[in-house]
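One structure is given here, and the rest of the page talks about it.
Protein chains: 2
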Amino acid sequence: MNEQATHVEDILQKKGVKPTAVRMNVLNFLLDQEKAVSLKDIESVLSRMDRSSIFRTLKSFEEHKLIHSIDDGTGMTKYAVCAEGCNCELEDLHYHFYCVSCEKTFCLMDHPISTIELPKNFKMIHVNMVIKGLCDKCNK
Amino acid sequence: MNEQATHVEDILQKKGVKPTAVRMNVLNFLLDQEKAVSLKDIESVLSRMDRSSIFRTLKSFEEHKLIHSIDDGTGMTKYAVCAEGCNCELEDLHYHFYCVSCEKTFCLMDHPISTIELPKNFKMIHVNMVIKGLCDKCNK
DNA sequence: GTAAACTTTGCAACTGAGTTGCATAGGGTC
DNA sequence: GACCCTATGCAACTCAGTTGCAAAGTTTAC
Ligand SMILES: [Mn+2]
Ligand SMILES: [Mn+2]
Ligand SMILES: [Zn+2]
Ligand SMILES: [Zn+2]
Chain A
1258 MNEQATHVED ILQKKGVKPT AVRMNVLNFL LDQEKAVSLK DIESVLSRMD
1308 RSSIFRTLKS FEEHKLIHSI DDGTGMTKYA VCAEGCNCEL EDLHYHFYCV
1358 SCEKTFCLMD HPISTIELPK NFKMIHVNMV IKGLCDKCNK
Chain B
1258 MNEQATHVED ILQKKGVKPT AVRMNVLNFL LDQEKAVSLK DIESVLSRMD
1308 RSSIFRTLKS FEEHKLIHSI DDGTGMTKYA VCAEGCNCEL EDLHYHFYCV
1358 SCEKTFCLMD HPISTIELPK NFKMIHVNMV IKGLCDKCNK
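Chains as they are written, first to last, in our numbering: chain A, 1258 to 1397; chain B, 1258 to 1397.
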């Protein structure tokens, strides 16, 4: 077993997910990305693995707070690995950026959601904040 | 023709949409709402009208900046009438609130999107900001 | 006024992401 | 090895959204 493999195995163990072949492959792929990816993205790379297995893997990862999902308005949910120490609580939430040109979705980890004033008695539990525009590479 | 009818007719005229029966009915219904509604919501009320006609009406309204759409994460796009003077530009964008209890989606018109600092060279064109939680009526 | 041209509408069929039931395969326990 | 529980693959299904097309309605041209 190579180093990479032990690495993802450790992560899965730590988050309470039994490390299976599918799960290790999916996590490995997710860790490689600089952008958030869709089920289809994963499917097309890990083509030997079944869509529903990958789907269930993603659900399980999300439940165990290993990844978070982003609804970027494209009609395909995107997934990205949570940052170190993330517990998917309010303080871990951040903006996401969808580039309308290259169609990549990014986590803006350095831009946490500042307190948003809500109408009286409204309570925030979660957010899905997506900014659409041009990323640095496409904004020429 | 009653007063309500002339009212929606005027609005449609002003926004450059030919006032037809379907369009006037849809706009009338939208104006009645305190929350954002889905195609299905409209369909179930204006049941004599066809889904695709309502769908195309909504697309047309959106293109003519009569309404804006909200992806609140429920899997069904919601629509709400734009405020007076709205041009769907950056300064018209506002937060939306989805109540996880009563499942209503609200426009937080009084909460415009403040300038969000983006990574260098990123350009914001649009946003879809959804806060999920409990509305005042459900937050007991 | 009538015919031609264009627009809107209703219907039905389709798309595609997501989801589920179920049988089989895999892994651990005794 | 027999037993048990979980993960996986496959196929079928769901459901919001979308499209092609013909009929109905409206506008324009003569
Ligand atoms: Mn993220
Ligand atoms: Mn709104
Ligand atoms: Zn880009
Ligand atoms: Zn509520």
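Yeah, the Cβ is synthetic: ideal placement off N, Cα and C, and Gly gets one too.
On a predicted model such as this, the values are computed, not experimentally measured, just so you know.
- Per DSSP, the continuous alpha helix (DSSP H) segment holding B/F1286 begins and ends at 1278-1289.
- Nearest CB-CB separation between B/K1377 and chain A: below the 8 Å threshold.
- If you check the CB distance, A/M1381 and B/I1388 come in under 8 Å.
- Annotated three-state conformation of A/L1375 is coil, per DSSP.
- The C-beta of B/F1354 comes closer than 8 Å to at least one C-beta of chain A.
- Between B/A1293 and B/K1335, the C-beta spacing is below 8 Å.
- Exclusion of the five residues before and after B/H1368 leaves H1351, Y1352 as the residues of its chain whose Cβ lies within less than 7 Å of its Cβ.
- Residues of the region 1347-1374 of chain A with a C-beta atom less than 8 Å from some C-beta of chain B are Y1352, F1354, V1357, L1365, D1367, H1368, I1373, E1374, listed in chain order.
- The Cβ neighbour count for A/M1386, taken over all protein chains shown within 10 Å, is at least 16; the residue is labelled buried.
- Annotation: A/M1333 has no Cβ neighbours in chain B at a cutoff of 7 Å; minimum Cβ distance is about 12 Å.
- Looking at the DSSP output, B/S1326 bridges to B/Y1336.
- Under the three-state reduction of DSSP, B/S1295 is assigned to strand.
- Counted as a single uninterrupted DSSP element, the beta strand (DSSP E) harbouring A/L1391 occupies residues 1380-1391.
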